[in-house]
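Quick notes on the structure that follows.
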Amino acid sequence: MQFYFSTRNIPGLSGLPLAERMRLLERAAKKLTVPEKTVLNILKLLVIVPAFTLLLRVAADWTSLLWALLVFLLYPIIVKPVQYSLSAKYLESLSQKDKQ
1 MQFYFSTRNI PGLSGLPLAE RMRLLERAAK KLTVPEKTVL NILKLLVIVP
51 AFTLLLRVAA DWTSLLWALL VFLLYPIIVK PVQYSLSAKY LESLSQKDKQ
């Protein structure tokens, strides 16, 4: 599986405006299978839960607030490429459906 860090790098979306790319990716994400959605949701939880755990520790140690911020900033770097990669394989079927 190839990881796409930008929607411009996904084949079939490179020449489209951002709003159109996001609309097509949203439609492709709706076609994800249950195991793919489960993997994506577990990955999201693996990123978000530690951040909230660090926020709970702010009363004892204020530097945990900085770590929580760092984890929240890593969320799009970790989750979005996986989401784009899982959705990219359904874009071809969407483009074929639009042509008909």
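Numbers 1 to 100, taken from full-length UniProt numbering, label the letters of the sequence shown in order. Yeah, the Cβ is synthetic: ideal placement off N, Cα and C, and Gly gets one too. All figures in this text were calculated on a predicted structure; none of them were measured in a lab.
Out of S6, Q2, P11, which has the shortest C-alpha to C-alpha gap to E92? Checking every option, the nearest Cα to that of E92 belongs to P11.
For R21, which residues of its own chain have a beta-carbon under 8 Å away from its beta-carbon, when the five flanking residues on both sides are left out? Closer than 8 Å at Cβ, skipping near neighbours: T7, R8, I10, L13.
Among L94, K89, Y90, S85, whose alpha-carbon lies nearest the alpha-carbon of Y4? Nearest of L94, K89, Y90, S85 to Y4, Cα basis: S85.
V49: buried (16+ other C-beta within 10 angstroms of its C-beta) or exposed? Around the C-beta of V49, fewer than 16 other C-beta atoms lie within 10 Å, and the residue is accordingly described as exposed.
Whose C-beta lies closer than 7 Å to the C-beta of T38 among residues of the same chain, with five residues either side of it excluded? Shown here for T38: not one same chain residue has a beta carbon closer than 7 Å to its own, the five before and five after excluded.
Which of the three DSSP states is assigned to F52 in this structure? It is helical.
With 16 as the cutoff for other CB atoms within 10 Å, does V71 come out buried or exposed? V71 counts as buried, since at least 16 other C-beta atoms from the protein chains shown sit within 10 angstroms of its C-beta.
Buried or exposed for Q2, going by 16 or more other Cβ atoms inside 10 Å? Flag for Q2 reads exposed.
Cα separation between S64 and L54? Distance between the alpha carbons of S64 and L54 is about 5 Å.
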